[in-house]
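A.B. asks: Position in the sequence shown (from 1) plus 6 gives the number in our numbering.
Note that the Cβ used here is the ideal one computed from N, Cα and C, for glycine as well.
Please read these numbers as outputs of a predicted model, since none were measured by experiment.
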Amino acid sequence: MMYKSIAALMLLFMFACSTDPKVSNTSTADQPVAEQKMQPNDPAVSTPSAKPEHEDGPGLNLWVGSGSVANGAEVCIDVTSSKITGLLSMQYSMRWDPKLLEFTSVKGFTIPTMDLNDFGSHKAAEGFLTAVWIDDTLNGVNLENGDLLFQLCFKAIGASGEEAPVRFWSNPTPYEVVVLPEQVIPLTAHKGIIKIL
Numbered sequence: 007m008m009y010k011s012i013a014a015l016m017l018l019f020m021f022a023c024s025t026d027p028k029v030s031n032t033s034t035a036d037q038p039v040a041e042q043k044m045q046p047n048d049p050a051v052s053t054p055s056a057k058p059e060h061e062d063g064p065g066l067n068l069w070v071g072s073g074s075v076a077n078g079a080e081v082c083i084d085v086t087s088s089k090i091t092g093l094l095s096m097q098y099s100m101r102w103d104p105k106l107l108e109f110t111s112v113k114g115f116t117i118p119t120m121d122l123n124d125f126g127s128h129k130a131a132e133g134f135l136t137a138v139w140i141d142d143t144l145n146g147v148n149l150e151n152g153d154l155l156f157q158l159c160f161k162a163i164g165a166s167g168e169e170a171p172v173r174f175w176s177n178p179t180p181y182e183v184v185v186l187p188e189q190v191i192p193l194t195a196h197k198g199i200i201k202i203l
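(1) Quick check on N123: does DSSP put it in helix, strand or coil?
(2) Taking all protein chains shown into account, decide if H196 is buried (16 or more other Cβ within 10 angstroms of its Cβ) or exposed.
(3) Hey, out of D62, G65, P64, W69, whose CA is closest to F156's CA?
(4) By how many angstroms is the C-alpha of A137 removed from the C-alpha of G126?
(5) How big is the Cα-Cα spacing for A162 and E169?
(6) Alpha carbon to alpha carbon, how far is R173 from I90?
(7) CB L94 to CB D141, shorter than 8 Å?
(8) Within 10 angstroms of its Cβ, does P46 collect 16 or more other Cβ (buried), or is it exposed?
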């Protein structure tokens, strides 16, 4: 845990010392594309499917899988990535309707150093999950299209026939993706849908 804190401080220091106007300027023209379109309570840029073979947007693309589940049963959906080289860190929130889905767990981590400590479930009862991941080695991680990052698991508590979107959100943890060499890039997020049978 101490190493993650040191790595986070190092990244923050590098950003503070950067002369890159995209990092130091806060005008909306220089913000990542997904953030330009967002207000604090708006959802991420979304597509109806969670399959990575659909058209990509700018920067890192993340997809939430879709699935179906009987009322009262649990379903786990994949969160996958587009191809990216030298991924150093990413942060975001995830959102769902807590009247339809009850968060049960996050699991199946596949990228180095990602674990439960990178996720905040303190607002899960309100339909939010926060995430902040940093490559502790600071070497950067390479991902291919469709690579699994982790799985989100929910219990269906809504009525049969209802559909519950699960999407990325910029609040309470705003979007940020950093790649080598300490460059902030956009996050394009694609929602998934859980159908309650």
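C.D. replies: Judging by the given coordinates:
(1) Residue numbering aside, residue 123 sits at position 117 when the sequence shown is read from its first letter. Residue state, collapsed to three classes: helix.
(2) What you label residue 196 is simply residue 190 of the sequence shown in a count that begins at 1. In summary, H196 is buried, with 16 or more beta-carbon neighbours lying within 10 Å of its beta-carbon over all protein chains present.
(3) Translated into the one-based positions of the sequence shown, residue 156 becomes position 150. Ranked by how close their Cα comes to the Cα of F156, the residues D62, G65, P64, W69 have W69 in first place.
(4) Position 120 of the sequence shown, counting from 1, holds the residue named residue 126. Position 131 of the sequence shown, counting from 1, holds the residue named residue 137. As the crow flies, the alpha-carbon of G126 is around 6 Å from that of A137.
(5) Here residue 162 refers to the residue found at position 156 when the sequence shown is read from its first residue. Here residue 169 refers to the residue found at position 163 when the sequence shown is read from its first residue. Distance between the alpha carbons of A162 and E169 is about 10 Å.
(6) In the sequence shown, residue 173 corresponds to position 167, counting from 1. In the sequence shown, residue 90 corresponds to position 84, counting from 1. Approximately 20 Å between the Cα atoms of the pair.
(7) Taking the sequence shown and counting its residues from 1, one reaches residue 94 at position 88. Taking the sequence shown and counting its residues from 1, one reaches residue 141 at position 135. Cβ atoms of L94 and D141: closer than 8 Å.
(8) Taking the sequence shown and counting its residues from 1, one reaches residue 46 at position 40. Low confidence applies to P46: its pLDDT is 34, below 50, so where it sits in the model is not reliable enough to give any reading.
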